[in-house]
Amino acid sequence: METPGYTTTKEHIDLSAAYRHFIPETASLTRKTLEACDELNKMRREMKTALDQKSELLPHRQAAREILVKYYWQLTSPPISHGKARIEAKWSDSQKLSRKAAKDSSGLLEVVNVLFNIGASSAAIAALLFNSPNRPDRLQSAKRHFEEAAGAFEEALRLLEEDAGRRLSHASLNLDLRPLALHGMRGVMLAYAVRCFYEKAQGEKKTAAVLAKLAHQVVVSYAAAASRLQEAVRSKGGLETLCARWHAYIDLERSYYEAQAHVHAADGCPLSLASAQAGHLARAEALLASLHHASLQPARKLNGAGVLLAAHRPRLQYELQELRRRKEVLEKDLKNLVYGVQEPVDPSTLPLPEPSSLKVEPKHISEAFPPQHAAAAAGAGAGGAGLLEGIVFEDGKARWVQRKQGGGGGGGGGGKEEESSEEEALEVMEESSEEE
1 METPGYTTTK EHIDLSAAYR HFIPETASLT RKTLEACDEL NKMRREMKTA LDQKSELLPH
61 RQAAREILVK YYWQLTSPPI SHGKARIEAK WSDSQKLSRK AAKDSSGLLE VVNVLFNIGA
121 SSAAIAALLF NSPNRPDRLQ SAKRHFEEAA GAFEEALRLL EEDAGRRLSH ASLNLDLRPL
181 ALHGMRGVML AYAVRCFYEK AQGEKKTAAV LAKLAHQVVV SYAAAASRLQ EAVRSKGGLE
241 TLCARWHAYI DLERSYYEAQ AHVHAADGCP LSLASAQAGH LARAEALLAS LHHASLQPAR
301 KLNGAGVLLA AHRPRLQYEL QELRRRKEVL EKDLKNLVYG VQEPVDPSTL PLPEPSSLKV
361 EPKHISEAFP PQHAAAAAGA GAGGAGLLEG IVFEDGKARW VQRKQGGGGG GGGGGKEEES
421 SEEEALEVME ESSEEE
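Set out below in structure tokens:
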């Protein structure tokens with residue numbers, strides 16, 4: 001099961017200095033904001049270190065995602081989300097295909113790359129769980145993480161579509177963040193999530209009818225993802241290189257599950273329809289034989305996708321041999337009229353059972369990773385507060401925004417935001433310190 005790699009940044013940006021530049025030179029504001037600015041800078045350094053690590057261990061992947069999520073919520077919290085500090089971020093695509101890194105100083109490139117890497121982390125965690133046979137909840141957990149990955153890719157896509165090229169043109173993005181590539185990755189994650197349902201049902205030894213429908217649903221999901229990836233390949237501009245291998249790999253996986261759907265359909269055929277059963281087996285045999293042949297291809301063939309199947313070659317060969325034995329026995333019985341006179345069936349005309357009506361959806365990042373959790377982990381205030389919350393920018397200067405509770409006889413009035421002078425801000429902080 002393939003998952004996308006991280007996009008990377010080589011730049012050591014001093015966020016602390018960048019944001020302190022906007023803070024008035026007063027003891028009242030500096031005292032509160034200095035540590036916050038330094039903490040933000042520390043978060044970015046930790047994020048970069050996490051992305052540079054090559055570890056595939058589950059705890060390391062989980063730790064990396066935690067760092068990315070914390071940093072994401074800070075980037076999207078006021079006043080940082082207002083993009084007042086002009087910081088030039090540089091990001092490279094996951095496969096290092098572009099000679100030059102993408103550059104941007106609006107902050108949007110930073111945000112969407114962090115979102116992409118949250119998705120990549122979630123996908124890697126899901127794949128590791130999927131391949132952990134000793135975990136009883138592995139498939140349920142893997143499905144959830146794949147949906148979270150799809151949600152992160154979808155949110156990055158939404159931000160770029162909302163921007164509509166005003167701050168960041170699509171041509172200036174690193175390849176993984178091009179909208180067509182994001183659509184493709186979103187589709188791949190949802191296809192993987194559907195696959196978890198099928199694998200779970202197979203492990204629980206569900207009926208052939210159920211398994212055939214689930215396998216067909218996997219085929220439909222994989223076909224949708226492959227279609228998106230093919231659209232990206234046709235758009236060129238570098239995506240023909242980035243997405244070609246993905247497209248070939250997902251299409252091969254689709255073929256495998258189509259073969260499984262035909263095997264399950266054959267299992268569900270009564271003996272009175274033995275010729276249809278033989279037709280399903282013949283179709284499955286052709287698909288598996290094609291996959292086995294693909295697994296023997298060198299890297300220069302099939303955009304390298306066949307190489308990814310090489311590890312599965314023994315299993316493909318075993319399944320193909322078992323299928324051929326079964327088909328030969330059935331064809332011999334048909335020839336000897338064991339099941340009566342039956343007309344042969346053209347395998348290419350045999351329909352699969354209707355796909356199941358399973359529904360998988362991207363899990364929005366605010367649902368998957370609530371900002372309250374990220375804020376608590378980052379040491380920020382309750383309720384998802386940003387490290388620099390309380391500061392607004394006007395005419396290149398920073399001012400406090402103090403939230404004061406409405407008082408008076410109306411009872412229970414909501415709070416309102418009021419700007420305070422630097423002296424008032426100092427008094428507020430001193431009063432809070434004395435109360436504590």
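Numbering (our numbering), first residue to last: 1 to 436.
Note that beta-carbon positions come from the ideal geometry of N, C-alpha and C, so glycine has one too.
Tell me whether residue i sits in a helix, a strand or coil according to DSSP, three-state version.
| i | result |
| --- | --- |
| residue 366 | helix |
| residue 438 | Lying outside 1 to 436, the shown extent of the chain, residue 438 is not represented and no answer is given. |
| residue 132 | coil |
| residue 349 | helix |
| residue 94 | coil |
| residue 448 | This structure does not reach residue 448, given that the chain is present from 1 up to 436, and the question cannot be answered. |
| residue 100 | coil |
| residue 89 | strand |
| residue 76 | coil |
| residue 3 | coil |
| residue 9 | coil |
| residue 202 | helix |
| residue 344 | coil |
Which same chain residues end up closer than 7 angstroms to residue i when comparing Cβ atoms and leaving out the 5 residues on each side of it in sequence?
| i | result |
| --- | --- |
| residue 369 | 69 |
| residue 7 | 91, 92, 93, 94, 113, 116, 117, 174, 176 |
| residue 121 | 61, 64, 65, 68 |
Classify residue i: buried if its beta carbon has 16 or more other beta carbons within 10 angstroms, exposed otherwise.
| i | result |
| --- | --- |
| residue 203 | exposed |
| residue 134 | exposed |
| residue 318 | exposed |
| residue 329 | exposed |
| residue 340 | exposed |
| residue 464 | Residue 464 falls outside the range modelled here, since the chain spans only 1 to 436, and no answer is possible. |
| residue 314 | exposed |
| residue 455 | For residue 455 there is no data in the structure shown, the boundaries of the chain being 1 and 436. |
| residue 136 | exposed |
| residue 3 | buried |
| residue 362 | buried |
| residue 404 | In this predicted model, residue 404 has a pLDDT of only 42, less than 50, meaning its place in the structure is not dependable; the value taken from the coordinates is given anyway. Exposed: under 16 other Cβ atoms inside 10 Å. |
| residue 53 | exposed |
| residue 359 | exposed |
Keeping to the same chain, check which residues put their C-beta closer than 8 angstroms to that of residue i; ignore five residues upstream and five downstream.
| i | result |
| --- | --- |
| residue 289 | 320 |
| residue 213 | 353, 354, 355, 356 |
| residue 297 | 306, 307 |
| residue 280 | 262, 263, 265, 266, 269, 347, 350 |
| residue 153 | 115, 116, 119, 182, 185, 186, 189, 362 |
Report, in whole angstroms, the separation of the C-beta atoms of residue i and residue j, which I expect to be a contact under 8 angstroms.
| i | j | result |
| --- | --- | --- |
| residue 287 | residue 259 | 4 angstroms |
| residue 44 | residue 71 | 6 angstroms |
Does residue i come within less than 8 angstroms of chain B when only Cβ atoms are used?
| i | result |
| --- | --- |
| residue 318 | Although the question refers to chain B, the structure presented lacks it and comprises just one protein chain. |
Here's a check: name, in chain order, each residue in its chain whose Cβ is nearer than 6 angstroms to the Cβ of residue i, leaving out the five neighbours to either side.
| i | result |
| --- | --- |
| residue 167 | 106, 108 |
Please tell me whether, using a cut-off of 7 angstroms, the distance from the CB of residue i to the nearest non-hydrogen atom of the ligand SAM is below it.
| i | result |
| --- | --- |
| residue 65 | As far as ligands go, the structure on display features none, and thus does not contain the ligand SAM. |
Checklist entry - Within the chosen definition, does the stretch 317-326 reach the stretch 97-110 through at least 3 CB pairs nearer than 8 angstroms? => result Result no; under three Cβ-Cβ pairs closer than 8 angstroms.
Next on the checklist: Taking contact to mean 3 or more Cβ pairs, one atom from each stretch, closer than 8 angstroms, check whether the stretch 189-200 and the stretch 137-151 are in contact.
Outcome noted: Two segments are said to touch when three or more pairs of C-beta atoms, one from each, lie closer than 8 angstroms; by this definition the stretch 189-200 touches the stretch 137-151.
Checklist entry - Is the stretch 245-259 close to the stretch 218-226, with three or more CB pairs under 8 angstroms? => result yes
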